[in-house]
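Down below is the structure, laid out as structure tokens.
In the working numbering, the protein residues as written are 1468 to 1700.
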């Protein structure tokens, strides 16, 4: 499974990526870019950053890095889902606070925690509600009312992924057909030249150039949509 390191501009993403089950660490206060690079390299992590220059430096030095452009959290999660294949399914395996592993609690363990002073743990029904505890910081988790928002976010992300897939297929289709049209335009341009129809040949030449430009932009759009390590602006 992919592992991530985030810069300080992406603080909200860490909890969500951990919720999705991904080992995700966050830049410490005052941590320099060079330290982020070294941690990513030595720990085999993908660097996520809004800093274009940092992403480009990492890529040049062989560290996987992705520039995040969106400002809102849903947009940011959409980017890593599309470019890296992040699965937005919530998984109760990692602490969203400290990133350590969590374990499911049985009834005896749960009751023991209440007796130890964990008075924030609900005691009301449903009786079949499951609880987990972080093996590191000790935080206890359960599926409370906030999970409705989590599920809605998951559904939204999946809809966005399907939209991106449809867009990718459209771009591939347009590029394939534009290349066929280009060949026809070039042939018609040659025929006009053979017939001495210079004005027609000039118009067709402009059409060829416009089609070549359009195809180039379509290919660029497809590359940006598919490329996982894009650091381009």
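From the three backbone atoms N, C-alpha and C, an ideal C-beta is built for every residue, glycine too.
Here the structure is a predicted model, which means the values were calculated and not measured.
Delimiting residues of the beta strand (DSSP E) encompassing residue i
i, result
"residue 1558", "Note, residue 1558: premise wrong, no beta strand (DSSP E); not H, not E."
"residue 1608", "1607 to 1609"
Sequence-distant residues of the same chain with beta carbon closer than 6 Å to residue i, five excluded per side
i, result
"residue 1572", "1598 and 1600"
"residue 1617", "1557"
"residue 1532", "1514, 1522, 1525 and 1526"
"residue 1660", "1668"
"residue 1621", "1555"
"residue 1540", "1479"
"residue 1486", "1557 and 1563"
"residue 1674", "1652"
DSSP-derived helix/strand/coil call for residue i
i, result
"residue 1516", "strand"
"residue 1471", "strand"
"residue 1642", "helix"
"residue 1602", "coil"
"residue 1776", "The requested residue 1776 is not part of the displayed model; the chain covers only 1468 to 1700."
"residue 1612", "coil"
"residue 1662", "coil"
"residue 1621", "helix"
"residue 1525", "helix"
"residue 1650", "helix"
"residue 1511", "coil"
"residue 1499", "coil"
"residue 1628", "helix"
"residue 1578", "helix"
"residue 1584", "coil"
Bridge partners - residue i, DSSP secondary structure assignment
i, result
"residue 1637", "According to DSSP, residue 1637 bridges with nothing at all."
"residue 1570", "1600"
"residue 1492", "1472"
"residue 1534", "1516"
Cβ shell of residue i (< 7 Å), same chain only, five flanking positions each side left out
i, result
"residue 1634", "1692"
"residue 1639", "1689"
"residue 1473", "1480, 1481, 1491, 1493, 1494 and 1515"
Endpoints, alpha helix (DSSP H) assigned at residue i
i, result
"residue 1590", "That residue, residue 1590, is in no alpha helix (DSSP H); it is neither H nor E in DSSP."
"residue 1539", "Element bounds for residue 1539: n/a, residue is neither H nor E."
"residue 1487", "No alpha helix (DSSP H) holds residue 1487; DSSP gives it neither H nor E."
Same chain, Cβ closer than 8 Å to residue i, neighbours up to 5 away in sequence not counted
i, result
"residue 1587", "1607"
"residue 1489", "1468, 1469, 1470, 1471, 1553 and 1561"
"residue 1551", "1469, 1513, 1533 and 1695"
"residue 1648", "1678"
Whole-number beta carbon distance between residue j and residue i, since they are thought to touch under 8 Å
i, j, result
"residue 1602", "residue 1570", "6 Å"
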